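Remarks on the structure that follows.
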Amino acid sequence: MRLRVLGSSGTYPSAGAPASGFLLEHGHTSIIMDLGPGAFTAFSGIGAIDEVDALMISHGHLDHCSDLLAWYHAGRYGVVRRPAITSFAPDGVFDRVQDFIRHDDDEMAMVFDHHLVGHGDASGVKEISLNFSDATHPVPTVATKASAGGATLVYTGDTGWSDEVVELAKGVDAMLCDATTLEDFMPDVHCTPQVAGRMAAKAGVERLLLTHLREDVETDRAIDQASKEYPGPIQVVRAGDLIDI
Numbered sequence: 090m091r092l093r094v095l096g097s098s099g100t101y102p103s104a105g106a107p108a109s110g111f112l113l114e115h116g117h118t119s120i121i122m123d124l125g126p127g128a129f130t131a132f133s134g135i136g137a138i139d140e141v142d143a144l145m146i147s148h149g150h151l152d153h154c155s156d157l158l159a160w161y162h163a164g165r166y167g168v169v170r171r172p173a174i175t176s177f178a179p180d181g182v183f184d185r186v187q188d189f190i191r192h193d194d195d196e197m198a199m200v201f202d203h204h205l206v207g208h209g210d211a212s213g214v215k216e217i218s219l220n221f222s223d224a225t226h227p228v229p230t231v232a233t234k235a236s237a238g239g240a241t242l243v244y245t246g247d248t249g250w251s252d253e254v255v256e257l258a259k260g261v262d263a264m265l266c267d268a269t270t271l272e273d274f275m276p277d278v279h280c281t282p283q284v285a286g287r288m289a290a291k292a293g294v295e296r297l298l299l300t301h302l303r304e305d306v307e308t309d310r311a312i313d314q315a316s317k318e319y320p321g322p323i324q325v326v327r328a329g330d331l332i333d334i
């Protein structure tokens, strides 16, 4: 599998750095995980909406899903037309989209083939298998395990410490983990790099990828903090990164 980072900024975008969005590819299969502000624009520079097989949205906070509105308008009114895209999300995500655009179910269904997912659910998109677990966050949030070609990746979405996410990530090749701030001031909302490292160590993952860093968190400090708990390879991911899993 290959992971392309569309954006990884924590809580809001900044210049040249969109909020959360990731393009996961394997063979002829591609999935976008999260579409925060700026992520759709980043994707538009490298692909078209008819080249993506599915969307996976971790939760309904705007820094992870607001560009669903851009996708809707591109799919409904744009030059490129395609069938409704398979879309996985926990409860509440597409309700927010519908509340904003104020269109009926039939019009939403023209763009999004929505599948509600939660803890313990499993699905698949062509060559990629997906498993979901709850994460620790104030709104319904899922972590996602993607498996294909013998490779495995867990994307935590936003989470504080979570035994469920640790279990999902047991032995995976890479864990893409929330690491929002250096201070542990929201333990039931977000991880620090150190907590991310602790989760990675307990899960026994092969590689830790830190994401969702607030713009004041320096890369070196984040890696140093995570390495206090996790002895393996650590990378802070940034927009434009291309990572082989």
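Heads up: the sequence shown begins at 90 in our numbering, then just goes up one per residue. All C-beta atoms, glycine included, are put in the ideal place defined by N, C-alpha and C. All of these numbers come straight from a predicted model, not from anything done at the bench.
- Annotation for A240: M90, D262, I334 place their beta carbon closer than 6 angstroms to its own, counting only its chain and skipping 5 residues before and after.
- For I312, the enclosing alpha helix (DSSP H) has its first and last residue at 308-316.
- With contact defined as three or more Cβ pairs closer than 8 angstroms, the stretch 238-258 and the stretch 165-175 are not in contact.
- Counting of Cβ neighbours within 10 angstroms places S222 among the buried residues, the total reaching 16 or more.
- Look at V182 here: in three-state DSSP terms it is helix.
- The beta carbons of G99 and R303 sit about 4 angstroms from each other, so the pair counts as a contact at 8 angstroms.
- Beta-bridge pairing by DSSP links I120 to L113, A143.
- Per DSSP, reduced to three states, the secondary structure at V214 is strand.
- Cβ neighbours of S218 within its own chain (closer than 6 angstroms, five residues either side excluded): S236.
- K234 sits in a strand when the DSSP states are folded into three classes.
- Ranked by how close their Cα comes to the Cα of C280, the residues F274, A268, E272, A289 have A268 in first place.
- Judged by beta-carbon spacing, M145 lies within the 9 angstroms limit of T233, meaning their Cβ atoms are closer than that value.
- Annotation for H208: F221, S222, D223, V231, E253 place their beta carbon closer than 8 angstroms to its own, counting only its chain and skipping 5 residues before and after.
- A Cβ-Cβ contact shorter than 9 angstroms links A285 with L299.
- DSSP lists V243, L297 as the bridge partner or partners of M264.
- Cα atoms of A163 and F111: separation of roughly 18 angstroms, rounded to the nearest angstrom.
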